[in-house]
Amino acid sequence: MKPLKISIVLVFILFSLSVMCQTVLRGKVTNNKGEAVSNTLVFLDSVKTNVVSNANGYFRVKVPEGTKKITLFAPKYGFMSLDYAEEKKVSFVFIETLEEKKDTQVLIGYGSEEKKNITTTVNTLNVKDDKNAMIFSDIFDYLRGRVAGVKVTSSNQVYIRGVSSFNLSNEPLFVVDGVIVNSITHILPIEVDKISVLKGASASIYGSRGANGVIEITTKHQ
């Protein structure tokens with residue numbers, strides 16, 4: 024067999040193997056009223072794909088072998104993530120939440136509270152009023168340069184000052200638009216409305232997950 028033919032065969036074999044290592048995931052996105060949620064972005068391990076849900080809330084995405092997390096972003100509802108265990112079908116249900124009544128309220132776990140009633144530190148930064156937000160290339164640079172009480176290492180590890188824990192990881196819990204997420208790498212500062220840093224009793228409603236403090240991010244899409 025000539026070298027050119029051998030190369031073509033090898034390319035075909037490699038392509039076939041790569042396709043075999045992918046799972047086609049079919050999903051449906053609705054809200055808690057059972058209404059379809061369209062134009063929802065799909066992320067695989069925090070990497071944005073070109074897939075969006077259609078008018079009926081359905082999407083279809085090829086998932087590479089080894090993928091651990093499926094994340095969706097809906098402009099109206101924010102982010103939602105789930106652990107991926109090679110399922111062929113999955114359903115996402117976004118929960119509609121009431122609009123915040125005042126900027127003086129902050130999210131505390133699964134509810135909200137007036138700042139004056141919180142006995143421990145809650146540092147809130149209104150990013151929407153920060154004209155310099157657009158100069159930061161990613162959310163980690165913004166946290167590093169603008170948010171008091173937060174330390175970000177050169178490798179983008181995030182820590183809240185004044186918090187110590189026996190947990191293996193000292194990173195805080197990340198909550199985006201009321202949804203707990205594993206990563207915030209996909210968030211741009213210009214998309215953020217405000218950031219709240221919680222520690223102590225104000226983070227205790229999250230239980231052991233809030234032991235290292237909580238960083239709550241409210242996007243402009245909320």
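In case it helps, the numbering used here puts the sequence shown at residues 24 to 245.
The C-beta atom is built at its ideal place from N, Cα and C for all residues, glycine as well.
Taking the DSSP output, what are the residues bridged to residue i?
{"i": "Thr94", "result": "Phe66 and Ser104"}
{"i": "Phe117", "result": "Asn54"}
{"i": "Arg49", "result": "Arg83 and Lys112"}
{"i": "Lys174", "result": "Tyr182"}
{"i": "Asn146", "result": "Val220"}
{"i": "Thr241", "result": "Lys217"}
Only counting the same chain, and skipping five residues up and downstream in sequence, which positions put a Cβ closer than 6 Å to that of residue i?
{"i": "Asn149", "result": "Lys217"}
{"i": "Lys51", "result": "Gly80, Tyr81 and Ser114"}
{"i": "Ala226", "result": "Gly233, Gly236 and Val237"}
{"i": "Ala156", "result": "Val150, Pro212 and Ile213"}
{"i": "Val204", "result": "Phe102, Ser104 and Phe197"}
{"i": "Leu130", "result": "Model confidence at Leu130 stands at a pLDDT of 49, short of 50, so the residue's coordinates are unreliable and nothing is read from them."}
{"i": "Phe159", "result": "Tyr165 and Pro212"}
Among the candidates the options, whose CA atom is the shortest distance from the CA of residue i?
{"i": "Asp7", "options": "Val116, Lys112, Thr90 and Thr208", "result": "Coverage of the chain is limited to positions 24 through 245, which leaves residue 7 absent and any answer about it impossible."}
{"i": "Tyr81", "options": "Gly223, Phe197, Met157 and Lys112", "result": "Lys112"}
Keeping to the same chain, check which residues put their C-beta closer than 8 Å to that of residue i; ignore five residues upstream and five downstream.
{"i": "Lys243", "result": "Lys151, Glu214, Val215 and Asp216"}
{"i": "Gln45", "result": "Lys85, Val86, Pro87 and Glu88"}
{"i": "Thr53", "result": "Ala59, Val60, Gly80, Ser114, Phe115, Val116 and Phe117"}
Keeping to the same chain, check which residues put their C-beta closer than 7 Å to that of residue i; ignore five residues upstream and five downstream.
{"i": "Lys174", "result": "Tyr182 and Arg184"}
{"i": "Lys99", "result": "His244"}
With respect to the beta strand (DSSP E) encompassing residue i, which residues constitute its N-terminal and C-terminal limits?
{"i": "Phe159", "result": "Run containing Phe159: none; DSSP gives neither H nor E here."}
{"i": "Lys217", "result": "Val215 to Leu221"}
{"i": "Leu211", "result": "It is not in any beta strand (DSSP E) - Leu211 carries neither H nor E in the DSSP assignment."}
{"i": "Val202", "result": "Val202 to Val204"}
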